[in-house]
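Asker:
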Amino acid sequence: MYTKTVYQSVPEDSVIRLQKVNKWYGEFHVLKDIDLEVKKGEKIVICGPSGSGKSTMIRCINHLEAHQRGQIKVAGTELTEDLKNIELVRREVGMCFQHFNLFPHLTVLQNCTLAPIWVKKMPQQEAEALAMEYLKRVRIADQAHKFPGQLSGGQQQRVAIARSLTMQPQVMLFDEPTSALDPEMVREVLDVMVELAAEGMTMLCVTHEMGFAREVADRVIFMDAGEIIEENAPEAFFSHPQFDRTQAFLQQII
Ligand code: ADP
Ligand code: MG
1 MYTKTVYQSV
11 PEDSVIRLQK
21 VNKWYGEFHV
31 LKDIDLEVKK
41 GEKIVICGPS
51 GSGKSTMIRC
61 INHLEAHQRG
71 QIKVAGTELT
81 EDLKNIELVR
91 REVGMCFQHF
101 NLFPHLTVLQ
111 NCTLAPIWVK
121 KMPQQEAEAL
131 AMEYLKRVRI
141 ADQAHKFPGQ
151 LSGGQQQRVA
161 IARSLTMQPQ
171 VMLFDEPTSA
181 LDPEMVREVL
191 DVMVELAAEG
201 MTMLCVTHEM
211 GFAREVADRV
221 IFMDAGEIIE
231 ENAPEAFFSH
241 PQFDRTQAFL
251 QQII
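Its first residue numbered 1, the sequence shown is counted upward by one per residue in full-length UniProt numbering.
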């Protein structure tokens with residue numbers, strides 16, 4: 001159900017815009033009046049306690065979950081129940097999860113060429129060349145013909161990033177991409193993300209890697225109980241958190 005509300009027009013440099021987004025799981029109000037704008041090239045880090053709605057918000061942005069009230073616009077398209085719009089948005093949004101979600105029965109290369117071939121109708125050779133380019137970028141091209149199960153967690157996550165990039169999205173969403181990894185593998189994945197940021201990719205990252213946030217983020221957003229509590233540039237966010245809830249959270253994780 002979409003209520004009739006008048007929204008401000010979306011500026012052209014805005015890749016993602018959420019306005020007064022609300023979502024319920026049954027009676028449970030999981031997202032409360034979320035306003036968020038991500039401009040082209042911006043890198044945003046989202047943090048907050050477990051259960052605060054971070055994954056739900058990220059999943060609403062490519063409609064893995066439906067919101068019930070408010071407006072979500074991605075790459076100029078408003079997300080409604082219209083499947084055509086959902087498809088348009090998903091082409092522009094790359095997503096990388098905590099659990100890599102690679103297809104275990106396909107090789108690394110096949111994992112990466114699947115979407116370009118089936119969604120973009122790209123010829124196989126072209127898709128393979130493109131996929132190899134991105135596999136090189138994440139430094140895993142030498143594993144292209146292996147199956148995911150033969151790789152380490154860090155390698156699998158880099159493949160997952162390459163797979164998303166092969167669709168040449170306008171924005172990348174990351175949902176705790178390093179939190180399921182053994183500590184020694186976290187850095188190799190963060191390095192790839194830092195490089196991607198330096199190349200100008202628009203990124204929205206849920207992560208508790210505060211070193212990454214300091215290094216890369218234009219803004220850090222703190223969520224709690226379904227709300228955005230505060231947001232600020234990293235330096236100010238970490239040195240002068242405005243709210244008790246943010247301070248308490250930061251004390252736990254830093
Ligand atoms: P976070 O990513 O910040 O840990 P989530 O977005 O995963 O938080 O979850 C927010 C809240 O919504 C949690 O209380 C969780 O239990 C609840 N929740 C998540 N997914 C569902 C679902 N499919 N059905 C019902 N409740 C859910
Ligand atoms: Mg989550």
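Where is the CB? At the ideal position from N, CA and C, for every residue including glycine.
Cβ of V93 within 9 Å of Cβ of I221?
Answerer: No, the pair does not count as a contact, with Cβ atoms beyond the cut-off.
Asker: CA-CA distance, V138 and M95?
Answerer: Cα to Cα, the separation comes out at about 16 Å.
Asker: If you draw a straight line from the C-alpha of T77 to the C-alpha of E215, how long is it?
Answerer: The alpha-carbon atoms of T77 and E215 are separated by roughly 31 Å.
Asker: Helix, strand or coil: how does DSSP classify F28 here?
Answerer: Strand, per DSSP.
Asker: Determine the DSSP secondary structure at L151, reduced to helix, strand or coil.
Answerer: Reduced to three states, the DSSP call for L151 is coil.
Asker: Going along the chain, which unbroken runs of the alpha helix (DSSP H) with 4 or more residues stay wholly within the stretch 88 to 174?
Answerer: 108 to 118, 124 to 137 and 153 to 165, all fully within the stretch 88 to 174.
Asker: Within the continuous beta strand (DSSP E) that includes G211, where are the two ends?
Answerer: From DSSP, G211 is part of no beta strand (DSSP E) but of the alpha helix (DSSP H) over M210 to V216.
Asker: Reducing DSSP to helix, strand and coil, say where E231 ends up.
Answerer: The answer is strand: DSSP assigns E231 an E or B state.
Asker: Tell me, which residues are paired with N22 by DSSP?
Answerer: R69.
Asker: Please indicate yes or no: does the CB of V119 lie closer than 8 Å to some heavy atom of ligand 2?
Answerer: Incorrect: V119 has no Cβ contact closer than 8 Å to ligand 2.
Asker: Here's the rule I'm using: 16 or more other beta-carbon atoms within 10 Å means buried, otherwise exposed. How should Y134 be labelled?
Answerer: With 16 or more other Cβ atoms within 10 Å, it is buried.
Asker: Check whether the Cβ of E176 sits closer than 8 Å to any heavy atom of ligand 2, and report yes or no.
Answerer: Correct: E176 has its Cβ closer than 8 Å to ligand 2.
Asker: Beta carbon of K54: closer than 8 Å to some heavy atom of ligand 4?
Answerer: Ligand 4 is not among the ligands present in this structure, which contains only ligand 1 and ligand 2.
Asker: May I ask you to check if the CB of M223 is nearer than 8 Å to at least one heavy atom of ligand 1?
Answerer: True, at least one ligand heavy atom lies under 8 Å from that Cβ.
Asker: Look up I221 in the DSSP assignment and give the residues it is bridged to.
Answerer: Answer is I46 and E231, bridged to I221.
Asker: Along the beta strand (DSSP E) that carries M203, what are the first and last residues, could you check?
Answerer: Element bounds for M203: T202 to V206.
Asker: My assumption, with CB atoms under 8 Å, is that A160 sits in contact with L102. Please give the rounded CB distance.
Answerer: That belief holds up - the Cβ atoms of A160 and L102 are roughly 6 Å apart, short of 8 Å.
Asker: Run through DSSP, which three-state label would K39 get?
Answerer: Reduced to three states, the DSSP call for K39 is strand.
Asker: According to DSSP, is S239 part of a helix, a strand, or is it coil?
Answerer: In this structure, S239 counts as helix in the three-state DSSP scheme.
Asker: Return the Cβ separation of M193 and F174 in integer angstroms, given the expectation that the two are a contact with Cβ distance under 8 Å.
Answerer: Between F174 and M193 the Cβ distance is about 7 Å, and since that is below 8 Å, they are a contact.
Asker: One question on the structure: do V30 and R17 come within less than 9 Å of each other, judged by their Cβ atoms?
Answerer: Their beta carbons are not under 9 Å apart, which means V30 does not touch R17 by this criterion.
Asker: Of all the options L79, A217 and G211, which has the alpha carbon lying nearest to the alpha carbon of M203?
Answerer: Per the Cα distances, A217.
Asker: Tell me the rounded alpha-carbon separation between D35 and G53.
Answerer: Between D35 and G53, the C-alpha separation is close to 14 Å.
Asker: Could you tell me the alpha carbon to alpha carbon distance between R163 and K146, rounded to whole angstroms?
Answerer: Taking the straight line from one Cα to the other gives about 14 Å.
Asker: Could you say which of S50, K40 and V89 lies nearest to L64 if we only look at CA atoms?
Answerer: Of the listed residues, the one whose Cα sits closest to L64 is V89.
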